[in-house]
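Inspection log for the structure reproduced underneath, given as structure tokens.
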Amino acid sequence: MSHDAKHDAHGADGGAHAHPDGNKYLKVAVILTLITVVEVWAYYIPALVESPFFNPGLLIMSAVKFGIVVLFYMHLKFDHKLYRALFTGPMIIAMCTIMALLFLFGQLSIKL
Amino acid sequence: MATIAAPTHAGAADYGEQTGIWSWITTVDHKRIGTLYLWTALSFFLIGGLEAVIIRTQLMKPNMGFVSAETYNQLFTMHGTTMVFLAIMPLSAAFFNFLIPLQIGARDVAFPRLNAFSYWVYLLGGIFITVPILFQVAPDAGWFGYAPLTSPQFAPGPNIDFWVIGLQILGVSSLAAAFNFITTIINMRAPGMTLMRMPMFTWMSFVVQFLLVLAFPPITIALVFLLFDRFFGTTFYAIAAGADPLLWQHLFWVFGHPEVYILILPAFGLVSEVLPTFSKKPLFGYNVMVYSGIMIGFLGFGVWAHHMFAVGMGAIADSIFATMTMLIAIPTGVKIFNWIATLWAGEIRFTVPMKFAIALIAMFTIGGISGVMHSSAPADLQQTDTYFVVAHFHYVLFGGSIMGIFAGIYHYYPKMTGRLMSEKIGNWHFWLTFVGFNLTFFPMHFAGLLGMPRRIYQYDSGQGWDAFNLMSTYGTYLLVVATLFFVWNFVRSRKTGAIAGNDPWGAATLEWSIPSPPPEYNFAQIPEVASRYPLWDLKDPAKTAGIEHSHADSMTITDAHAVPVHEETERKTAKELGIPMPFPTAKPLFTAVGLVTMFCGLLFLRNDMFAVAMTITLTGAAMLIGGLYAWLTAPLE
Amino acid sequence: MTTSHTAAAAGHDDGHVHHHYTTTGLDHRKIAIWTFIGSECMLFASLISTYLIYKGRSIVGPFPHEAWTSETGQQFHAILDIPVTSASTFVLLMSSFAMVLALQAVQLRGTPLPANPTWWQRSQRSSQGWLLMTALLGATFLGFQAYEFTSFVHEGLTIKRNLFGSSFFTLTGFHGAHVTAGVLWLMTLLWIDRSRGLQGKNDELLVDICALYWHFVDVVWIAIFTLIYLIR
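Going down the list, the protein sequences come from chains X, F and Z.
Per the numbering used here, the first sequence starts with residue 792, numbered consecutively.
Per the numbering used here, the second sequence starts with residue 872, numbered consecutively.
Per the numbering used here, the third sequence starts with residue 206, numbered consecutively.
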């Protein structure tokens, strides 16, 4: 909870940018494009595809893109932390469910 | 019952409110919507009960021959589907609707029209899925509809189509309501009502809404896959195409397990309201009760495959799910102990709601014990698919949820109607229910361990099951009598019950500070809250001396119109008080009809009646879009 | 969660929009859309899980990443077209950028332009332009999807053909339906902007919740692109 004096009488989202910045969003767009380019490029390098880094690498890159869109475009980094809670909880449960199902159907092995 | 001179009982007309059928069709008032849910759900409860009576009559004696195998399949399927989706969930919804805004000091829910929409979709969906039994084409593959039994190859008739489409319709209702209540609880609490000052019913309901939001999508997808297999020839559950027969089971139980917590937590919440009231003591360990409720909700997503111990998942999976299931018994057990501690050294009044609440503690514990027995995967291999499981889940669902809901009905009936239900008839209802329930379901533990399988329509004599089945059936007939007492009490007390006044029970929370029934605006002035038990602070501070209160400056009144908690006895209309009320509107009903019509169109896809299907679906779509447009562009108030 | 001390006073209204007291100072509708997005996480998680569960288990072709010849001699080549889908992925990513600018334009309305504004500074204020751009990019994405679906069908992959076809078309079909709903929502906002103009806190919120929905649909595609197209 913040007692931030910047809030206006209509209760705007806490701590939000009073004046959003088109240039910042442009930078974000460029980063997203670059990561996508790297992902697709990697797809066409056979040595990479064969290596054990391919899948984890792709997963990490797409997770980063996912995070950037959620934090910046969806403004979650700057908005009231209630929204963060409303999103993170379901995301965690969704991720755990996917992993559990993949394990149960033998598509994922846990090396004990 | 002696007539009581005062207080006078104000009806809707005294507040300048509308009366008559149209006012119910166009209502967006959460209290009326709650009442609609209550009546509708109780009606479905009776229908589900009737299905159970026929089932038990068939099982009364070996090879009874009362109904055919196919009819029996439809009966037990509809009994389960009706009780879970059309009775218990909507009974909980009745309380969510009626009670949550009152308990948090709000005037309505966040989205009143969406609230009405949820009810109408439920009603239409309930009718959609129930009518087929009158034509002997009811769903017949169990309430859990395992594929590939429900695939087009093995279930070629329309029965399962009704089931799949009906559940999708009902899912829309529940999801919409969940979004509504989450927003309401987060955003419409009265000044001073922090989350840790909310009444327990509201807290448990809050957890349940999140369970709904997260559990319904998987079953939606599972049903979509089944629908597509049946209508479009996809291969999700087609073994010949390499499909895994366990896909349905996993997706269903990822929903199904949280679903059972959806079914029990509201009842837990109601018990947590009733016990302190009639013990004249605050709930023991409020914080722990909240955290255990949250833990149950969270852990509830990690135990689903304990419904599948016999399918061959392997030792690792079995062990993990067994362990998680045992773990979840801990927060549940904590609640039992806290309830007992609430009763301990209390000044107990054995009213009818109190009896039902205490019965829940005892009966749910029994159901919990058989549940823990199931949690051991090797032990479950004997218990699964036998009547032992039937005993378990009826102890937790009837002995738990239904008892808790009855406690809630007796407790809140005065608030809803302004009159108390008869204690005398209520006692008959309670004792006959208690005896009948135990007579029906306790023998099933034994029949189950002696090997009686579930879902069989008849059995041969000489297996040791006969006496137990006979007892169960007698118990069922006793439950019928008990339920008749309830229906009589419920209907009759509206006219002849003692006038209740604001607070007939000496309770602690905000809903008891306003008249019974409440005016349409609920609170003439939004109260400002300083503790968990605002009315006890007001009337009997000694009771709550040990609990945190702040009248300090951290609780500055932020709403200029909020006042300290007080008993409201004003009888003014909303207009006189200058409170803007939402406009009544039939748009939610219209939109709901459009949505359900769209789903009805799907029914015709399998019969090569594509043109008919398209016509109906497009008509429904037009109604849906038109209704939505009118709804979204019309001001709320 | 503690009470906000900045909540709006109850009962004050402008026009017919009553501003009611709220516990958090936030708008109901924004809380509701985030809750909705939470449920959509589980919806797409179920669809994606099913796709991944059935990956590599189709008995007959076509397959996503390998060629295959059936007993009847029918030849299927690896059916996924990475270059084309990369292009559509890029289009959808750019649509999120356009959406962000559309929201910003509505937020900037009413504030003064700097002296001697550049083209970039002026264009950031065109809410109609950016809403239209978002909708067009979204529609372009849908065009790519339509092209992809029809070419797959011609190559022998139908929704009934095998596990891959069923899970692929259902997953991407659901995603496409969400994009379609988003495009219709954007067109509605555009129409409102053209008729009465979008300005003020309430309108910002209307665009904001559409934007949140749109970005989420984009984010789901990021997951789908990686898990279905790139990972083998």
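Even for Gly, the Cβ is constructed at its ideal location relative to N, Cα and C.
- Per the coordinates, the alpha-carbon of Ser1332 (chain F) lies some 11 Å from the alpha-carbon of Asn1340 (chain F).
- Only Leu231, His233, Ile236, Ala237, Thr240, Phe241, Gly243, Ser244, Met247, Leu248, Ser251, Leu252 from the segment 231–254 of chain Z bring a Cβ to less than 7 Å from some Cβ of chain F.
- Taking 8 Å as the threshold, the shortest C-beta distance from Leu285 (chain Z) to chain X does not fall below it.
- Thr888 (chain X) and Thr375 (chain Z) have their alpha carbons spaced roughly 19 Å apart.
- For Ala820 (chain X), the enclosing alpha helix (DSSP H) stretches over residues 813–834.
- In the DSSP assignment, Phe281 (chain Z) is bridged to Z:Trp273.
- Between Asp1032 (chain F) and Arg1101 (chain F) a beta carbon distance of about 7 Å is seen, short of the 8 Å cut, so the two are scored as contacting.
- From the beta-carbon of Leu1085 (chain F), the residues of chain X found nearer than 7 Å are Pro881, Ile884.
- Separation of Asn1373 (chain F) and Ile1211 (chain F) (C-alpha to C-alpha, rounded to the nearest whole angstrom) is 28 Å.
- Think of a sphere of 7 Å around the beta carbon of Phe302 (chain Z): the chain X residues whose beta carbon falls inside it are Tyr816, Ala820, in chain order.
- Contacts between Met1059 (chain F) and chain Z, judged by CB atoms closer than 9 Å, involve His225, Tyr226, Thr227, Thr228, His233 in chain order.
- Per the Cβ contact rule, the segment 1064–1079 of chain F is not in contact with the segment 876–896 of chain X (fewer than 3 Cβ pairs under 8 Å).
- The segment 1062–1127 of chain F is shown to contain whole alpha helix (DSSP H) runs of 4 or more residues at 1071–1103, in chain order.
- Closest by C-alpha distance to Ser939 (chain F), out of F:Gln974, F:Ile925, F:His950, F:Ser1044, is F:Ile925.
- Counting only the Cα atoms, Met882 (chain X) lies some 16 Å from Ile851 (chain X).
- The straight-line gap separating the alpha-carbon atoms of Leu368 (chain Z) and Phe1481 (chain F) is approximately 25 Å.
- In the DSSP assignment, Val1434 (chain F) is bridged to F:Pro1398.
- For Asp408 (chain Z), the nearest beta carbon of chain X is not closer than 8 Å to its own beta carbon.
- Close to His1178 (chain F), with beta-carbon spacing below 7 Å, lies no residue of chain X; the smallest spacing is near 13 Å.
- For Ala1188 (chain F), no chain Z residue has a Cβ inside 7 Å of its Cβ, as the nearest lies near 14 Å away.
- In summary, Asn1158 (chain F) is exposed, with fewer than 16 beta-carbon neighbours lying within 10 Å of its beta-carbon over all protein chains present.
- Between Asp1251 (chain F) and chain X, the shortest Cβ-Cβ separation is not below 8 Å.
- Pro1003 (chain F) carries a helical assignment under DSSP once its states are collapsed to helix, strand and coil.
- The beta carbon of Asn321 (chain Z) does not come within 8 Å of any beta carbon belonging to chain F, so the residue lies off that interface.
- For Gln312 (chain Z), the uninterrupted alpha helix (DSSP H) run begins and ends at 287–313, by DSSP.
- In this structure, DSSP gives Pro319 (chain Z) a state outside helix and strand, which the three-state scheme calls coil.
- Collapsing the DSSP output to three states places Arg1403 (chain F) in coil.
- If you draw a 10 Å sphere on the C-beta of Gly1279 (chain F), you find 16 or more other C-beta atoms in it, and that means buried.
- For Gln329 (chain Z), the residues of chain X that pass the 7 Å Cβ criterion are Gly813, in the order they occur in the chain.
- Within chain F, the residues placing a beta-carbon under 7 Å from that of Leu368 (chain Z) are Thr1106, Ala1112, Gly1113, Ala1114, ordered along the chain.
- With distances taken between CA atoms, Ala416 (chain Z) lies nearest to Z:Ala310 out of Z:Ala310, Z:Thr277, Z:Ser275.
- The straight-line gap separating the alpha-carbon atoms of Phe988 (chain F) and Val1002 (chain F) is approximately 21 Å.
- The distance from the Cβ of Ala1176 (chain F) to that of Phe1192 (chain F) is about 4 Å, consistent with a contact at the 8 Å cut-off.
- Lys902 (chain F) and Ala1433 (chain F) have their C-alpha atoms spaced approximately 22 Å apart.
- Using a Cβ distance threshold of 8 Å, Asn968 (chain F) and Gly905 (chain F) count as a contacting pair.
- If you draw a straight line from the Cα of Phe857 (chain X) to the Cα of Leu1355 (chain F), it is about 57 Å long.
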